[in-house]
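**Student:** Please see the structure below; I have some questions.
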Amino acid sequence: MIRDVLDHLEWYVGLDAKMGALVDFLDRGAVYEQAVGSYTDGILRYRIEEYTTDETGEETTAEGSELQILLEGEELFSLRRGEEVALVTTNTVSMFLYLKGGEVYRHKQSTDGSRYVKKVIFFL
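Under this note's numbering, the first residue of the sequence shown carries the number 17, and numbering increases by one thereafter.
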């Protein structure tokens, strides 16, 4: 997993063949105005989600490589390795997470009440 600020996304173009197209797509800014749903733009496939965080969150496994960007809000994120929690962090607007297939994580979580989140997940 990689966690960094969105301004540094270009540094990671070599991680995946689709990353260059992803950087160009984000520069156009269209994703920030799109409604909840699944989309395809050229070689990019992505989903925009909106939800309210809670204390328990949701655990899921990345099916393949994915890049998550918070468009609005803030959430607690954790990465699990086996039975141990390997990382706990707060994700905010202007940050991204790059996850590899098979990584187990918990998201949609907060410790201080519910928060509105809008997120885009690119499936690479």
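No residue lacks a Cβ here, since even glycine has one placed at the ideal position from N, Cα and C.
How long is the line joining the alpha carbons of V120 and Y48, rounded to whole angstroms?
**Tutor:** Position 104 of the sequence shown holds residue 120. Position 32 of the sequence shown holds residue 48. Those two C-alpha atoms are separated by around 27 Å.
**Student:** Measure the alpha-carbon distance for R61 versus Y55 and round it to whole angstroms.
**Tutor:** As a working mapping, residue 61 is identified with position 45 in the sequence shown. As a working mapping, residue 55 is identified with position 39 in the sequence shown. The straight-line gap separating the alpha-carbon atoms of R61 and Y55 is approximately 6 Å.
**Student:** Does the distance from the CB of Y22 to the CB of S81 come in under 7 Å?
**Tutor:** Within the sequence shown, the letter at position 6 stands for residue 22. Within the sequence shown, the letter at position 65 stands for residue 81. Checking the sequence, you will find Leu at residue 22 rather than Tyr. No, they are not a contact pair.
**Student:** Between K134 and L83, is the Cβ-Cβ spacing less than 7 Å?
**Tutor:** For the purposes of this step, residue 134 is taken as residue 118 along the sequence shown, with counting starting at 1. For the purposes of this step, residue 83 is taken as residue 67 along the sequence shown, with counting starting at 1. In this structure, K134 sits away from L83, with a CB-CB distance that is not shorter than 7 Å.
**Student:** Measuring CA to CA, which of R63, R122, G117 is closest to E100?
**Tutor:** Within the sequence shown, numbered from 1, the residue matching residue 100 stands at position 84. That would be R122, whose Cα lies nearest to the Cα of E100.
**Student:** Does the beta-carbon distance from A37 to I59 come in below 7 Å?
**Tutor:** As a first step, residue 37 is located in the sequence shown; it is residue number 21 there, counting from the start. As a first step, residue 59 is located in the sequence shown; it is residue number 43 there, counting from the start. Closer than 7 Å, so yes.
**Student:** Could you spell out the range, first to last residue, of the beta strand (DSSP E) harbouring R61?
**Tutor:** The residue labelled residue 61 in the question sits at position 45 within the sequence shown. Note, R61: beta strand (DSSP E), 60–68.
**Student:** Counting only beta-carbon separations shorter than 7 Å, does V104 have a partner in chain C?
**Tutor:** No chain C is part of this structure, which consists of one protein chain only.
**Student:** Within 10 Å of its beta-carbon, does Q50 have 16 or more other beta-carbons around it, so buried, or fewer, so exposed?
**Tutor:** The residue given as residue 50 occupies position 34 in the sequence shown. So Q50 ends up on the exposed side.
**Student:** Apart from the five residues on each side of it in sequence, which residues of its chain come closer than 6 Å, Cβ to Cβ, to V52?
**Tutor:** Position 36 of the sequence shown, counted from the start, is the residue given in the question as residue 52. Annotation for V52: I64, E66 place their beta carbon closer than 6 Å to its own, counting only its chain and skipping 5 residues before and after.
**Student:** Using a Cβ-Cβ cutoff of less than 6 Å, which residues in the same chain neighbour K116 once the five nearest sequence positions on both sides are dropped?
**Tutor:** By 1-based counting over the sequence shown, the position of residue 116 is 100. The residues are S81.
**Student:** Look up G45 in the DSSP assignment and say whether it is helix, strand or coil.
**Tutor:** As a first step, residue 45 is located in the sequence shown; it is residue number 29 there, counting from the start. Three-state DSSP puts G45 in coil, outside helix and strand.
**Student:** Which runs of the beta strand (DSSP E) fall wholly inside the segment 74–132 and span at least 3 residues, in chain order?
**Tutor:** Every beta strand (DSSP E) stretch that sits fully inside the segment 74–132 and reaches 3 residues is listed by chain position as 74–77, 82–88, 90–97, 100–108, 111–115, 120–125.
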